[in-house]
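K.L.:
Residue numbers (our numbering), protein chains in the order written: chain A, 1 to 484; chain B, 485 to 714.
All C-beta atoms in this analysis are idealised placements derived from N, C-alpha and C, irrespective of residue type, glycine included.
This one's a predicted model, so the numbers in the text were calculated from it and none came from an experiment.
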Amino acid sequence: MKKMLQNMKVFLLLAVFVSVGATSLKANAEVWPTENQWSAEWEQKYHDWLKTSTDAHLFSRQTNSDGTPNPYYGIRVDCADLVYSLRIIFSYENKLPWAMHNPASPRGALISNSISRYDKSLAGIKRLKTFLTWVYDLVSTHGLPDDTYSPPFEAVGPGTIILTSKKNHHSWTIRDITRAGNPDLLFNSTVGRTSGFDVQERLSWPNPSWIFEAEVDKDDETKNVNVYKPGSYPGFRYWRPLDAMTVPESAVPGYSDEQFTVGISKWKGIAQSKLAKVKETYDQIVMRLLNDACSDFQQRISAVAEVEFLKGAWKEQAEQTADGTLPVCLSAENFDQYSTPSRDKRFVDGLVMARVYFQKGMKEQGAGAFTDANLTIYKTIFPLISRSAAEEAALDKSAKSENNFCSLEISKEMGKLSLAELKRRAFAGWVSANPNDSVSGRFGYPKTSKDIGYSACKDQTYGLGRSGYNLNAIEKDAKAEISQ
Amino acid sequence: MKKNRYLIPIFILILGMAIFMEKMAVRSTNKKSSSEQTEVEKVDPTKTDFVGEPIEQKTKEIQVQAASASPAQTIKVQEFGKCASFLKINSQGDSASQALEQIKSHYDLVKDVVDMTEYQLRTRSNEELVVQHIPGEEIKNQVRIFKTADDGFPDRVKKFPNSNGSEKQKLMGALTLGERTKKIEKYKVVNSDRSVLAYEKSEGVVTRVDFTNGKNKLICEDQRCQCHEF
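1. How about Arg-175 (chain A) and Lys-277 (chain A): are their beta carbons less than 8 angstroms apart?
2. With the cut-off set at 8 angstroms, would you say Ile-115 (chain A) and Glu-30 (chain A) are in Cβ contact?
3. Note down, in chain order, every chain A residue with its Cβ under 9 angstroms from the Cβ of Thr-696 (chain B).
4. My guess is that Leu-203 (chain A) and Asn-182 (chain A) are in contact by the Cβ rule of under 8 angstroms, so how many angstroms apart are they, rounded?
5. Which residues, in order along the stretch 297–309 of chain A, keep a beta-carbon less than 8 angstroms from a beta-carbon of chain B?
6. Need the endpoints of the beta strand (DSSP E) that Asp-599 (chain B) sits in, please.
7. Report yes if the C-beta distance between Pro-253 (chain A) and Pro-241 (chain A) is below 8 angstroms; otherwise report no.
8. Kindly say whether Val-225 (chain A), judged by its beta-carbon, lies nearer than 8 angstroms to any beta-carbon of chain B.
9. Between the beta-carbon of Ala-658 (chain B) and the beta-carbon of Val-615 (chain B), is there less than 8 angstroms?
10. Where does Leu-122 (chain A) land, buried or exposed, given buried means 16+ other C-beta within 10 angstroms?
11. Could you check if Met-362 (chain A) is buried or exposed, using at least 16 other CB atoms within 10 Å of its CB as the buried criterion?
12. For Gln-365 (chain A), does the count of other Cβ atoms within 10 angstroms reach 16, so buried, or fall short, so exposed?
13. Tell me which residue opens and which closes the alpha helix (DSSP H) that Tyr-92 (chain A) is part of.
14. Any C-beta of chain A sitting closer than 8 angstroms to the C-beta of Gly-620 (chain B)?
15. Per DSSP, what kind of secondary structure is Asn-115 (chain A) in: helix, strand or coil?
16. Using 8 angstroms as the Cβ pair cut-off and three pairs as the minimum, do the stretch 618–630 of chain B and the stretch 682–697 of chain B touch?
17. How would you label Ala-369 (chain A), buried or exposed, when you count the other beta carbons within 10 angstroms and need 16 or more for buried?
18. Report back the beta-carbon spacing between Leu-605 (chain B) and Leu-661 (chain B) to the nearest angstrom; my notes put them in contact at under 8 angstroms.
19. Looking at C-beta atoms only, is the number of pairs between the stretch 333–349 of chain A and the stretch 431–440 of chain A that lie closer than 8 angstroms three or more?
20. Examine the Cβ distances between the stretch 198–217 of chain A and the stretch 661–670 of chain B and report whether three or more of them are shorter than 8 angstroms.
21. Using beta carbons (cut-off 8 angstroms, strictly below), is Glu-475 (chain A) in contact with chain B?
22. Between the alpha carbons of His-712 (chain B) and Ala-583 (chain B), how many angstroms are there, rounded?
23. In angstroms with no decimal places, state the Cα-to-Cα distance between Asp-48 (chain A) and Phe-236 (chain A).
24. Could you tell me the alpha carbon to alpha carbon distance between His-590 (chain B) and Asn-675 (chain B), rounded to whole angstroms?
25. Counting only C-beta atoms, is Glu-93 (chain A) closer than 8 angstroms to chain B at any point?
26. Is the beta carbon of Asp-349 (chain A) less than 8 angstroms from the beta carbon of Asn-207 (chain A)?
27. Among A:Gly-444, A:Ser-438, A:Gly-196, which has the Cα closest to the Cα of Phe-427 (chain A)?
28. Less than 8 angstroms between the beta carbons of Asp-217 (chain A) and Val-227 (chain A), yes or no?
29. Who does Phe-695 (chain B) pair with in a DSSP beta bridge?
30. Do the stretch 254–261 of chain A and the stretch 146–158 of chain A meet, that is, are 3 or more Cβ pairs less than 8 angstroms apart?
31. With a cut-off of 8 angstroms, do at least 3 Cβ pairs link the stretch 88–103 of chain A to the stretch 125–139 of chain A?
32. Thr-34 (chain A) bridges to which residues according to DSSP?
33. Quick check on the DSSP output: what are the complete beta strand (DSSP E) runs of length 3 or more inside the stretch 147–197 of chain A, in order along the chain?
34. I need the DSSP call for Trp-205 (chain A), collapsed to helix, strand or coil.
35. Less than 8 angstroms between the C-beta atoms of Ala-354 (chain A) and Leu-395 (chain A), yes or no?
36. Taking 7 angstroms as the cut-off, is the beta-carbon of Ser-60 (chain A) closer than that to any non-hydrogen atom of the ligand PLP?
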């Protein structure tokens, strides 16, 4: 009798399993079920969720604050992937519909959470992650304009996307706005084998001249195509309502081309002034920009370490082969991933902007505008503040101590480098963006025989190299921007 | 053996109940999704019920649904003047190239700017591939290959001949994967009056014109032009 009862239990469990399993497969055929519909209230919840539930550790923390496992741990994303991920994850968690244009199909065909191709994989988070992996293969900054529209300044806030021109192909999501009207931006995963799954965060507006930088004419590379004009795609973007996915962008409710009518130099100032609740002091602005530059510096160290690891692996591999031949230059794919021309340009732009604010603060309010401790930092980084950035670059010959603000270890062999010294080298044009160069070359030390960069690999620079910076032009743009 | 006598009928009974329960659950699910769909159509006509379905049918469905369901999204066939007063074309005939010619001359667009070139290939195993070449895009997306899966959706093919090479090498490598059945060049221009002109040439022949002027859209396709107001 006892055995029979045991058998019955087994059969009962089996029957329940068959029943529930079959039912759940049928009921969860879509990636996630749609039980709610987007509305102003849900959009507000999305903005609140970005503020409270996302940060740089969204994919890198193993557990949430309540101790539960983080289901999104271990996801790695590029900039377009992250923009889509945030919207998809919120839609998934709240059973909201989601759709994007199918990039391989003409005529506005859509891909949505209702597709059934993953109905054989387990429902819930596993299915979502499989879906995300597929979506990452499909999305890019090129396709983002089709899924979004240009909003007015007054609608800019958490959830708004910032997209650059195709020349720079980058995108950010605003997760929050600071009291001073600066955005807290989230973008792609950090590069680096040891850097974990953090995404990058930045607390300043990107340079508008970079966002709206003219595209190179594809037929004549000596000419440019202006992309700052009404009807164009860079700048602020927001998700199209699902019932307006296929209408002309100008017919999307809430569409505005206001951002294309104010002028590039006023774009950032207008956005910030509309969002600011308090005015930042000069000291706060300069320190914020230097902290951003310090984050960029840290990210650059990871990116350089990563490519050095790759080169080391090649060497090991070559030593095991008969002829011992080493690959000399990086492939296009690797070059794109590990070269840093855009990152370096942003770094220099940010430092020039900090310098312009420091100069303006000194001119208008004197040294009293800054705390003593900060003033010492600023004077070390910008030692000739009464002169132009280009003059400072030419005249500042003395290497800066590593015992300074934002001093970071660039490698075990090379030790530490301060932000002040990296800035001095970057302004002088010594810092190489080319991943074919050695660590020392990448950080502006004198070049060695290992720095094969542009000479041996000149055919493998893939058009991404930028040599030196026109500091006068960058400074002029920065001054124009803050005078608005 | 005596004990086992009860096991088979009990098993059949439980299995029967399980099958009955499963059928009821499926019926309930279908009923629920059917009522949800009605609700969705009422509120949101162009949404979830068609997104995610096989591709080619979709555009027509969008238009039919939009036309029948929501006044805000109603697509009206208007006179071409709504789209652009300077257009002098008929609704049928050689309209795509005529419309394009007129639009281009109106805006002094003498130069074509290719946004993307798409190659349709058929492999030896009769698979359909789409190769997209997007000049100026970030390197990993300059040349993208998609295989059309059984469900009609694309799967990205990441490894292909020269996939680690330069832009030109990648494109050449991608085009070795099959026989080219079609080459479509896609152009996009934003005009000075904010109108947007997008058009396609298939093997050098204008096959589609998509001209957006405010909330009006002229679409010429299959030698037929329609002006829509959104």
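P.N.:
So, from the listed chains and residues:
1. No.
2. yes
3. Gly-231, Pro-248, Glu-249, Ser-250, Ala-251
4. Indeed, because the Cβ distance is near 6 angstroms, the residues count as touching under 8 angstroms.
5. none
6. Residues 598–606.
7. yes
8. yes
9. yes
10. exposed
11. buried
12. exposed
13. From DSSP, the alpha helix (DSSP H) with Tyr-92 (chain A) extends over 79–93.
14. yes
15. Checking the displayed sequence, the identity of residue 115 (chain A) turns out to be Ile instead of Asn. DSSP places Ile-115 (chain A) in coil when its eight states are reduced to three.
16. no
17. buried
18. 6 angstroms
19. yes
20. no
21. no
22. 15 angstroms
23. 19 angstroms
24. Approximately 10 angstroms between the Cα atoms of the pair.
25. no
26. yes
27. A:Gly-444
28. no
29. B:Leu-681, B:Leu-702
30. yes
31. yes
32. For Thr-34 (chain A), which the question treats as bridged, DSSP gives no partner whatsoever.
33. 161–163, 171–177, 183–189
34. Coil.
35. no
36. In the structure shown, the ligand PLP is absent, as is every other ligand, since no ligand is present at all.
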